[in-house]
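Have a look at the structure below, then the notes.
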Amino acid sequence: MIPYTDEMEAQEREDLQRAIRLLMNQTYVLERKYDRKSKRMQLNHEFRVCDQHLEFLKEYFALAGFTVREELTDGIIWLLPEEGQAGPRLSEYTTKFLLMLKVIYDEQMASASTSSYVVTTRAQVQEKMDSFKLLSRQPPVAEVRSAIRILKKYQMIDFIDSGEELEPDARFLIYPTINMLLMGEEIQRVAKAYANEEGEDDDSTI
């Protein structure tokens, strides 16, 4: 047992262990997440646990070569690997999908949005891909499903509507975690580079 946890009640220790596993599994922990049952944003218990034990988490993950960061404005705590450590591999389609999410997020936030998240659909993402000439073919359903699964896992998106997530008009939230990846100018540069490649296979890291 780690000395820091010696004086903790069993429930507090379990909460901390769960928060550690969550950070390791999904990299990002949000202060607020969408709850389908109540149909509104709700405070995330795991974020509160991470915030409460932030200094311990910084020391704990530093041993494994990670930095724990906290962005209070957007309500995000996340793990940042040391330089040279690669993040999870993303397919080319997932990377392009992610780039267009950032474009949509920036556009909506620029229109005097008072929220830290925006709402869009897969059809709107597809339109953006077409406008940037990022797709030389329609992606297989399995590829789209995989992209959605990964982006949900890493707290980039959350679906508002219940039912089939592959439907073009299914609404989903883009969380402010998207800001932790690329700045707007970089998005334009990377998107243009992909457009010039016209479908060459590539893998990126998150």
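In terms of this note's numbering, the sequence shown opens at residue 1183 and continues consecutively.
Note that the Cβ used here is the ideal one computed from N, Cα and C, for glycine as well.
Since the model is a prediction, treat every value here as computed from it, not as a measurement.
| Query | Result |
| --- | --- |
| Cβ-Cβ distance between residue 1272 and residue 1332 below 8 Å | yes |
| Reduced DSSP secondary structure (H/G/I, E/B, other) of residue 1217 | strand |
| Residues bridged to residue 1301 [DSSP beta-bridge criterion] | 1355 |
| DSSP three-state assignment for residue 1224, whether helix, strand or coil | strand |
| 3-residue-minimum beta strand (DSSP E) runs that sit fully inside the stretch 1264-1349, ordered along the chain | 1300-1303 and 1339-1341 |
| Whether residue 1330 touches residue 1307 by CB criterion (8 Å) | no |
| Cβ of residue 1259 within 8 Å of any chain D Cβ | Checking the listed chains, one finds no chain D in this structure; it contains a single protein chain. |
| Contact check, residue 1208 vs residue 1336, beta carbons under 8 Å | yes |
| Identity of the residues DSSP links to residue 1262 by a beta bridge | 1249 |
| Backbone secondary structure at residue 1239 - three-state DSSP | helix |
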